[in-house]
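2 protein chains.
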Amino acid sequence: MARIVQKYGGTSVGSVERIQHVASRIERAVLAGDEVVVVVSAMGKSTDELVALANQITDTPSKREMDMLLTTGEQVTISLLSMALQARGVTATSLTGWQAGIQTEESHGNARIEAITPDRVETELSEGKVVIVAGFQGISVNGEITTLGRGGSDTTAVALAASLKADRCDIYTDVTGVFTTDPRYVKSARKLHSISYDEMLEMANLGAGVLHPRAVEFAKNYNVPLMVASSMEDIEGTLIEEEVSMEQNLIVRGIAFENDVTKVTVKGLPNRLQTLSRLFTTLSEHHVNVDIIIQNQIDENHINISFSITQSSLKETLAVLQEAQEELQFTDVVFEEELAKVSIVGSGMVSNPGVAAKMFDVLANNDIFVKMVSTSEIKVSVVVQEIDMVLAVEMLHKEFQLAEEAVTV
Amino acid sequence: MARIVQKYGGTSVGSVERIQHVASRIERAVLAGDEVVVVVSAMGKSTDELVALANQITDTPSKREMDMLLTTGEQVTISLLSMALQARGVTATSLTGWQAGIQTEESHGNARIEAITPDRVETELSEGKVVIVAGFQGISVNGEITTLGRGGSDTTAVALAASLKADRCDIYTDVTGVFTTDPRYVKSARKLHSISYDEMLEMANLGAGVLHPRAVEFAKNYNVPLMVASSMEDIEGTLIEEEVSMEQNLIVRGIAFENDVTKVTVKGLPNRLQTLSRLFTTLSEHHVNVDIIIQNQIDENHINISFSITQSSLKETLAVLQEAQEELQFTDVVFEEELAKVSIVGSGMVSNPGVAAKMFDVLANNDIFVKMVSTSEIKVSVVVQEIDMVLAVEMLHKEFQLAEEAVTV
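For the record, the sequence lines run as chains P and C. Following the UniProt record's numbering, the numbering of the first sequence begins with 1 at its first residue and continues without gaps. Following the UniProt record's numbering, the numbering of the second sequence begins with 1 at its first residue and continues without gaps.
Rendered as structure tokens:
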């Protein structure tokens, strides 16, 4: 008998029919003898509908009242799923976030889980029930209803799995697992049997829907094995865990990429200790998210700083810089649009210094000019022209032999 | 400064526009310097929609899961109303039933309030906030979400008013108050300035939407002055309290009536001690609700028993009686359909023995034959033919001078 936490997202419980389907999957796990805790999101578009309702009332609803409003979405799903299970003869009970003991900090809209008191969940499990918990929500020490922000239901599932010492946490979603790269762009993309937490974190932008980075971090910290699989099809998913057994020595595990990247270069900044800090503090105060940063020394007294942002934040970025020109003492700003970021990810990289060189070689051989480079222990990212993005991914996918089943390199 | 509990029903908060209107009314009370606690129901048809969703899942949803599902309805309303107040610059906070300390028995679908721990409400009030509480819901000692059943939001409001020692509990609804009789039938029906709890209980069937009997009982037990008024129009409502000051000596306060009454007579029952008890125990075991009961002795050994039921339960009643004929030892059952009940209600009646006689006199003078009679200390009910109902009400309304403003009789 295994103890399993299953999580189903909004699309998987988006209609009465899908809820019935989810109930049938849970029933199968119960019949197999497993103890099952299920975490669910709000049904399909219901959160959007609630947000629209609030916006009809006011343009600036308070975060506290938004939490009060939005948490009803998951409460509807848990009750319906519990009914669906009971109708199949499976004993089940639904619990809101506060009933399940999901304690968060005293913050609304994006609260972090501080502790889980799973007594009630344990009691219900010991009575042979399937326990269905509302994801995305918790309770603060002052009895306030809070929400966990984006990816919140994933985090609820992982945190519950950790506190219940579950054998596994299964994240059921609308993809069948984690791929070597995006199969919509690269036909030969292959689903991975397993991937490490860190690799998963670096790959996170490969389809935002797969798994929220916060949940992966949580799983890594508490060493909870995660399985990402399809809620619709019966196909083996991808296991995310610390020790990647099968493909342990694969240098590159996957290729992540994103378009709509813009490179901004601030020229002629004074070469002083505070320059970097001042520039990026100014940007972050205006909520400009910066990705790659490169610093170039021009002469003894001046540096250029380049950084990448998303296309949509260019206007705001330029306005912020213009306003701060006198304070930051730069001479000029230039920018380049229609760029893309391509990253190779793999924990084997740390002990293989030639990987970045091979990446650059592949790109050069295909006449792809590299605009920026950034590296971490398990990732090398390059910024290229947007029109070269898919070609770069395809070539890298081929050269690093990702389409082939795992082999020891 | 007064402390006031206001309650708004589902129709009054049925749309974003109506919620804004309710917010404007609350704002007015706040500007007048009052401390305000607001109890609201789910928006318009939202409860029906949730029930429909559950019925798509299963024909027999458990009461516990229905409570989990339906309580989301009020939670949506409290958050939206709080946002609407905040948008007007009125500090407000919303509380679910459990946050407001509404403790109920461990029962689903129709739980009774056992206690109210209004600490949180008091704290929020002391911080100058309008407190908006979800009606109809509470929490059991085991942390289960419960609902109070029909009229639940009225009961929440009255119970909160009692525990908060509020100066008044205002029930805002889609009528402008309590009338001497139904104004849809009798043009000269007059709105009452005030009415006693007991009279209100007897008048309860005069428009089921006005106020749930359970809430009136609660108000009577804790001596909470209730005001029933319109949520749409600014008109004085009807005050329900123990001491009816203005119209104290009015013998008859109002005339209640209902149609679809059926009279059933069970003939030739044995004249024994257990006969009545056996008959009505049998009926109640089959959930047949009986209103008026009359017993007639036929001879030394036999009695006839007549009782009134609603038209819709006739079939079931006859089936139950047929099955129990051998046990109950009666000879025959007859019934009469298309009847109506007309009642005069007034606490002054108890000291005026001639009131019933005057009622019979009025009816006889208008050729209205009385089929059954039932009396209480503050009510006389008669069963007449349905076609005579409106005439009976009009004549009684006129003879007891109910269209005129209160005068001492």
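By construction, the Cβ of each residue, glycine as well, lies at the ideal position given by its N, Cα and C atoms. Keep in mind the model is a prediction, meaning the values are calculated, not measured.
Residue i classed as buried or exposed, judged by whether at least 16 other C-beta atoms fall within 10 angstroms
i: C/S153; result: buried
i: C/F369; result: exposed
i: P/L85; result: buried
i: P/P353; result: exposed
i: C/H108; result: buried
i: P/S376; result: exposed
i: C/S12; result: buried
i: P/T262; result: buried
i: P/A392; result: buried
i: C/V141; result: exposed
i: C/S41; result: buried
i: C/L211; result: buried
i: P/L273; result: exposed
i: C/Q137; result: buried
i: P/E202; result: buried
i: C/K165; result: exposed
i: P/S306; result: buried
i: C/G143; result: exposed
i: C/S312; result: exposed
Span of the beta strand (DSSP E), counted from its first residue to its last, around residue i
i: C/S374; result: M372 to S376
i: C/L80; result: First-last for C/L80: K63 to A87, but that is the alpha helix (DSSP H), not the beta strand (DSSP E).
i: C/R3; result: R3 to Y8
i: P/V121; result: Per DSSP, P/V121 belongs to no beta strand (DSSP E); it is in the alpha helix (DSSP H), D119 to S126.
i: P/A32; result: Taken as a continuous stretch (DSSP letters only), P/A32 belongs to no beta strand (DSSP E), as it is neither H nor E.
i: C/H302; result: H302 to T310
i: C/L339; result: D332 to V345
i: P/A134; result: V130 to A134
i: C/E394; result: It is not in any beta strand (DSSP E) - C/E394 instead sits in the alpha helix (DSSP H) that spans M389 to E399.
i: P/I299; result: Sequence check: residue 299 of chain P is Asp here, not Ile. I293 to D299 is the extent of the beta strand (DSSP E) around P/D299.
i: P/T147; result: I145 to T147
i: P/Q137; result: Q137 to I139
i: C/I102; result: I102 to T104
Proximity to residue i [Cα-Cα], best of the options
i: P/A2; options: P/Y8, P/M232 and P/D170; result: P/D170
i: C/A364; options: C/K315, C/V384 and C/E217; result: C/V384
i: P/V134; options: P/L321, P/E404 and P/T77; result: Correcting the residue type first, residue 134 of chain P is Ala in the shown sequence and not Val. Ranking the options by Cα distance to P/A134, first place goes to P/T77.
i: C/Y197; options: C/E327, C/T93, C/G346 and C/D234; result: C/G346
i: C/N296; options: C/L318, C/A92, C/K315 and C/P270; result: C/P270
i: P/L69; options: C/A111, C/T173 and C/S79; result: C/S79
i: residue 410 of chain P; options: P/L148, P/L396, P/V186 and P/E127; result: Any property of residue 410 of chain P remains undetermined from this structure, which presents chain P solely from 1 to 409.
i: C/A403; options: C/S230, C/V382 and C/P183; result: C/P183
i: P/L314; options: P/L339, P/F330 and P/H302; result: P/L339
i: C/L95; options: P/E236, P/G9, P/V131 and P/T146; result: P/T146
i: P/V5; options: P/A100, P/R168 and P/I344; result: P/R168
i: C/I303; options: C/L279, C/Q311 and C/V290; result: C/L279
i: C/L160; options: C/V36, C/E258 and C/E199; result: C/V36
i: C/I292; options: C/H286, C/N301 and C/T310; result: C/T310
i: P/T317; options: P/T281, P/S163 and P/E106; result: P/T281
i: C/G33; options: C/L125, C/Y172, C/H397 and C/L201; result: C/L125
i: P/L192; options: P/F307, P/E241 and P/V158; result: P/E241
i: P/A324; options: P/H286, P/T181, P/V121 and P/K371; result: P/H286
i: C/Q103; options: C/A92, C/I116, C/M200 and C/N110; result: C/I116
i: P/E114; options: P/G101, P/K187, P/E122 and P/T123; result: P/G101
Unbroken alpha helix (DSSP H) run spanning residue i, endpoints
i: C/K379; result: C/K379 -> not in any alpha helix (DSSP H); beta strand (DSSP E) instead, spanning K379 to Q385.
i: C/Q322; result: L314 to E323
i: P/V51; result: S46 to I57
i: C/A166; result: That residue, C/A166, is in no alpha helix (DSSP H); it is neither H nor E in DSSP.
i: C/K358; result: V355 to N365
* Which runs of the beta strand (DSSP E), 3 residues or longer, sit entirely within the segment 168–199 of chain P? -> 168–173 and 194–196
* Whole beta strand (DSSP E) elements within the segment 209–277 of chain C, 3-residue minimum -> 226–230, 238–240 and 254–270
* Looking at chain P, which residues of the segment 44–63 of chain C have a Cβ within less than 9 Å of any of its Cβ atoms? -> L50, L53, A54, Q56, I57, T58, D59, T60, P61 and S62
* **Residues in the segment 86–110 of chain C having any Cβ partner in chain P nearer than 7 Å** => Listed in sequence order: Q86, A87, S94 and Q99.
* Would you list, in chain order, the members of the UniProt domain "ACT" (264–347) of chain C that have their beta-carbon closer than 7 Å to a beta-carbon of chain P? => none
* To do: Name, going along the chain, the residues of the segment 156–180 of chain C whose beta-carbon falls closer than 9 Å to a beta-carbon of chain P.
  => none
* Relative to chain C, which residues along the segment 191–203 of chain P have a C-beta separation below 8 Å, given in chain order? -> none
* **Residues of the segment 64–83 of chain P whose Cβ lies closer than 9 Å to any Cβ of chain C, in chain order** => R64, E65, M66, D67, M68, L69, L70, T71, T72, G73, Q75, V76, I78, S79, L80, L81, S82 and M83
* Using a Cβ-Cβ cut-off of less than 7 Å, give me the residues of the segment 127–152 of chain P that come near chain C, in sequence order. => G143
* Residues within the segment 7–35 of chain P neighbouring chain C, beta-carbon criterion of under 8 Å -> Going along the segment 7–35 of chain P in chain order, one finds V16, I19 and Q20 with a Cβ nearer than 8 Å to chain C.
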